[in-house]
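Engineer: In terms of our numbering, the sequence shown is residues 56 to 387. Where a beta carbon is used, it is the ideal one built from N, C-alpha and C, also for glycine. Since the model is a prediction, treat every value here as computed from it, not as a measurement.
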Amino acid sequence: MIDPRPVLFSGVQPSGNLTIGNYLGAIGRFAEFSEKYKCFYCVVDEHAITVRQVPADLRRRTYETLALYIACGLDVEKNTLFVQSHVPAHAELAWILSCYTMFGELSRMTQFKDKSARHSDNINAGLFTYPVLMASDILLYRASAVPVGSDQKQHVELTRNIAQRFNQQFPDTFVVPEPVISTSGARIMSLAEPDKKMSKSDPNENAVVRILDDRDTVIRKFRRAVTDSGNEVRYSPDKPGVSNLIDIYSCFTGKDVASVEREFDGLGYAEFKTAVGEACADRLAPVQAEYKRLLADRPYLEEVMKKGAEEASYYAGRMLSKVRRKIGFVNL
Ligand code: TYM
56 MIDPRPVLFS
66 GVQPSGNLTI
76 GNYLGAIGRF
86 AEFSEKYKCF
96 YCVVDEHAIT
106 VRQVPADLRR
116 RTYETLALYI
126 ACGLDVEKNT
136 LFVQSHVPAH
146 AELAWILSCY
156 TMFGELSRMT
166 QFKDKSARHS
176 DNINAGLFTY
186 PVLMASDILL
196 YRASAVPVGS
206 DQKQHVELTR
216 NIAQRFNQQF
226 PDTFVVPEPV
236 ISTSGARIMS
246 LAEPDKKMSK
256 SDPNENAVVR
266 ILDDRDTVIR
276 KFRRAVTDSG
286 NEVRYSPDKP
296 GVSNLIDIYS
306 CFTGKDVASV
316 EREFDGLGYA
326 EFKTAVGEAC
336 ADRLAPVQAE
346 YKRLLADRPY
356 LEEVMKKGAE
366 EASYYAGRML
376 SKVRRKIGFV
386 NL
């Protein structure tokens with residue numbers, strides 16, 4: 056039977072060791088949606104191959120990302136957790152939607168511009184059409200809500216445009232989704248260059264805190280974080296380094312910005328940075344313990360993948376067959 060609740064979809068690429076940006080902007084928030092929505096959380100391995108991957112690493116990270124989903128609190132009975140390439144409907148719908156997506160629209164995507172600058176030796180067609188695959192992920196499940204960090208907002212907006220264009224020609228096909236972006240933690244910045252997003256592929260290890268970094272490493276990285284001139288812990292556009300740390304501390308402790316500023320009034324940066332590191336390490340410790348336990352049990356993770364693929368295929372198959380019928384393909 057189809058679940059009557061509104062649908063939510065989100066995904067994470069298994070393309071690197073996940074950071075606290077991924078945690079605070081996305082994966083750490085996922086569990087809170089499990090009651091109100093029918094949730095699909097996907098490990099998007101097909102997206103990951105738009106940049107070159109070592110096959111063995113990609114396979115290992117697919118297991119690791121699934122284990123992290125569960126370790127971050129996603130109950131496998133309440134959520135559908137699955138791997139994108141296990142449901143061929145994603146790639147199939149992506150082809151159809153690519154015929155309803157304009158070259159100009161894709162050319163304007165900032166992530167494409169950034170990634171093609173960073174991987175200038177490999178500007179492949181998949182890197183360019185990546186947002187169409189993402190639209191297909193979301194639209195296949197009739198998702199109305201898509202929790203993401205703010206860097207993915209533009210892709211969700213493109214998904215809305217594609218859905219609306221398609222619906223105009225073929226009414227009542229897709230649900231037009233909304234991005235769900237939290238007010239804090241939606242854009243965690245690099246600890247080394249606070250005007251840049253914290254990114255799992257950053258070659259400077261001191262710029263990123265990984266969900267799986269041990270306690271000492273977490274605290275050391277925060278102690279080294281670039282701060283601004285002065286010594287006042289105050290949230291302000293002219294203090295991007297300190298503001299980023301306040302945002303992180305506030306997310307990990309649940310305190311609002313004003314009370315963080317009060318707490319560290321007159322204390323200086325060194326004490327503040329240590330406190331941020333400790334709060335972060337405290338939050339990550341139980342996630343890491345659960346992750347370790349899960350990763351040691353591959354048969355269990357494969358069972359979860361199989362169950363997820365079956366559930367997702369059922370929903371995706373219904374939508375794909377509806378789209379095929381509408382556009383004039385022969386369904387046998
Ligand atoms: P990905 O794998 O780059 O990142 C996964 C999620 O983490 C968020 N995120 C951040 N949030 C806050 N601060 C940061 N520094 C930070 N870095 C990353 C991302 O916004 C994302 O929510 N295209 C997507 C994956 C995807 C997807 C989807 C998401 C594929 N299909 C369908 C939603 C719905 C991506 O590359 O995320």
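What do you reckon, are the CB atoms on VAL312 and PHE277 nearer than 8 Å?
Structural biologist: Position 257 of the sequence shown holds residue 312. Position 222 of the sequence shown holds residue 277. Cβ distance not < 8 Å, so VAL312 and PHE277 don't count as in contact.
Engineer: Considering only DSSP beta bridges, list what GLU233 is partnered with.
Structural biologist: Walking along the sequence shown from the start, residue 233 turns up at place 178. GLU233 pairs with ALA200.
Engineer: What residue does the alpha helix (DSSP H) around CYS335 start on, and which one ends it?
Structural biologist: Counted from its first residue, the sequence shown places residue 335 at position 280. 324-350 is the extent of the alpha helix (DSSP H) around CYS335.
Engineer: Rounded to a whole number of angstroms, what is the C-alpha to C-alpha distance between SER162 and LEU63?
Structural biologist: Position 107 of the sequence shown, counted from the start, is the residue given in the question as residue 162. Position 8 of the sequence shown, counted from the start, is the residue given in the question as residue 63. Cα to Cα, SER162 sits roughly 27 Å from LEU63.
Engineer: Would you mind stating whether VAL281 and LEU246 have Cβ atoms separated by less than 8 Å?
Structural biologist: Position 226 of the sequence shown, counted from the start, is the residue given in the question as residue 281. Position 191 of the sequence shown, counted from the start, is the residue given in the question as residue 246. In contact: VAL281 and LEU246 (Cβ atoms closer than 8 Å).
Engineer: State the DSSP-derived secondary structure class of ARG107, mapped to helix, strand or coil.
Structural biologist: Translated into the one-based positions of the sequence shown, residue 107 becomes position 52. Correct three-state label for ARG107: coil.
Engineer: For TYR346, count the other beta carbons within 10 Å of its own beta carbon; 16 or more makes it buried, fewer makes it exposed. Which is it?
Structural biologist: For the purposes of this step, residue 346 is taken as the residue at position 291 of the sequence shown. With 16 or more other Cβ atoms within 10 Å, it is buried.
Engineer: Is DSSP giving ARG215 helix, strand or coil here?
Structural biologist: Walking along the sequence shown from the start, residue 215 turns up at place 160. Reduced to three states, the DSSP call for ARG215 is helix.
Engineer: Smallest Cα separation from ILE303: which of GLU119, ASP206, VAL263?
Structural biologist: In the sequence shown, residue 303 corresponds to position 248, counting from 1. Looking at the Cα atoms, VAL263 is the closest of the given residues.
Engineer: Between the segment 255-272 and the segment 287-301, do three or more beta carbon pairs fall short of 8 Å?
Structural biologist: Too few Cβ pairs lie closer than 8 Å, so no.
Engineer: Let me check you understand the geometry: is the CB of ASP112 closer than 7 Å to at least one non-hydrogen atom of the ligand TYM?
Structural biologist: In the sequence shown, the residue the question calls residue 112 occupies position 57. Checking the Cβ of ASP112 against the ligand TYM gives no.
Engineer: Rounded to whole angstroms, what is the Cα-Cα separation between LYS361 and PHE137?
Structural biologist: Taking the sequence shown and counting its residues from 1, one reaches residue 361 at position 306. Taking the sequence shown and counting its residues from 1, one reaches residue 137 at position 82. So the two alpha carbons sit approximately 8 Å from each other.
Engineer: Between the alpha carbons of SER205 and ARG279, how many angstroms are there, rounded?
Structural biologist: Reading the sequence shown from its first residue, position 150 is the one you call residue 205. Reading the sequence shown from its first residue, position 224 is the one you call residue 279. Each residue's Cα considered, the two are about 26 Å apart.
Engineer: So the candidates are ARG380, ALA371, LYS251, GLY71; which of them puts its Cα closest to the Cα of LEU194?
Structural biologist: Counting from one through the sequence shown, the residue named residue 194 turns up at place 139. Residue ALA371 is the option with its Cα nearest to LEU194.
Engineer: Got a sec: does the ligand SAH put a non-hydrogen atom nearer than 7 Å to the Cβ of LYS252?
Structural biologist: Although the ligand SAH was asked about, the structure shown includes only the ligand TYM as ligands.
Engineer: Apply the 10 Å Cβ neighbour rule to TYR369 and answer buried if 16 or more other Cβ atoms are within range, or exposed otherwise.
Structural biologist: Locating residue 369 in the sequence shown gives position 314, counting from the first residue. TYR369 is exposed by the Cβ-count criterion.
Engineer: Given a cut-off of 8 Å on the beta-carbon distance, is the pair VAL99 and GLY66 in contact?
Structural biologist: By one-based count along the sequence shown, residue 99 stands at place 44. By one-based count along the sequence shown, residue 66 stands at place 11. Going by beta carbons, VAL99 and GLY66 fall inside the 8 Å limit.
Engineer: If contact is defined by three or more beta carbon pairs under 8 Å, each pair taking one atom from either stretch, is the segment 164-181 in contact with the segment 76-87?
Structural biologist: no
Engineer: Since THR214 and PRO232 are thought to touch, with beta carbons under 8 Å apart, how far apart are those beta carbons, to the nearest angstrom?
Structural biologist: Your numbering for residue 214 matches position 159 in the sequence shown. Your numbering for residue 232 matches position 177 in the sequence shown. Between PRO232 and THR214 the Cβ distance is about 6 Å, and since that is below 8 Å, they are a contact.
Engineer: Skipping 5 residues on each side, what residues in its chain have a beta carbon closer than 7 Å to that of ARG265?
Structural biologist: Translated into the one-based positions of the sequence shown, residue 265 becomes position 210. These residues qualify, in order along the chain: ASN72, LEU73, THR74.
Engineer: Quick test of your reading: THR156 and VAL187, contact by CB under 8 Å. State the CB separation rounded to the nearest angstrom.
Structural biologist: Here residue 156 refers to the residue found at position 101 when the sequence shown is read from its first residue. Here residue 187 refers to the residue found at position 132 when the sequence shown is read from its first residue. Right, their Cβ atoms sit about 5 Å apart.
Engineer: Which whole runs of the alpha helix (DSSP H) in the segment 118-179 are 4 residues long or more, in chain order?
Structural biologist: 144-153, 158-162, 165-173
Engineer: Helix, strand or coil for VAL395, going by three-state DSSP, please let me know.
Structural biologist: Absent from the model: residue 395. The displayed extent of the chain is 56 to 387, so no value can be given.
Engineer: Quick check: does the Cβ of ILE243 come within less than 7 Å of any heavy atom belonging to the ligand TYM?
Structural biologist: If you number the sequence shown from 1, residue 243 lands on position 188. Checking every heavy atom of the ligand TYM against the Cβ of ILE243, one is found closer than 7 Å.
Engineer: Quick check on GLU132: buried or exposed, where buried means 16 or more other Cβ atoms within 10 Å of its Cβ?
Structural biologist: The count along the sequence shown starts at 1 and reaches residue 132 at position 77. With fewer than 16 other Cβ atoms within 10 Å, it is exposed.
Engineer: Are the CB atoms of THR120 and PRO69 nearer to each other than 8 Å?
Structural biologist: Translated into the one-based positions of the sequence shown, residue 120 becomes position 65. Translated into the one-based positions of the sequence shown, residue 69 becomes position 14. Going by C-beta atoms, THR120 is nearer than 8 Å to PRO69.
Engineer: Would you report the Cα separation of LYS377 and PRO202, rounded to the nearest angstrom?
Structural biologist: The sequence position of residue 377 within the sequence shown is 322, counting from 1. The sequence position of residue 202 within the sequence shown is 147, counting from 1. Each residue's Cα considered, the two are about 26 Å apart.
Engineer: Quick one: is GLY296 buried, meaning 16 or more other Cβ sit within 10 Å of its Cβ, or exposed?
Structural biologist: Residue 296 sits at position 241 when you count from the first residue of the sequence shown. Buried is the call here.
Engineer: Ordered along the chain, which non-local residues of its own chain (more than five positions away) have a Cβ less than 8 Å from that of ASN222?
Structural biologist: Residue 222 sits at position 167 when you count from the first residue of the sequence shown. Taken in chain order, the residues that qualify are THR228, PHE229, VAL231.
Engineer: Using CA coordinates, which residue listed in ARG115, SER298, GLU90, GLY383 is at the minimum distance from TYR324?
Structural biologist: Residue mapping note: residue 324 aligns to position 269 of the sequence shown, counting from 1. Minimum Cα distance to TYR324 is reached at SER298.
Engineer: Under 7 Å: does the beta carbon of SER199 sit that close to some heavy atom of the ligand TYM?
Structural biologist: Your numbering for residue 199 matches position 144 in the sequence shown. The answer is no for SER199.
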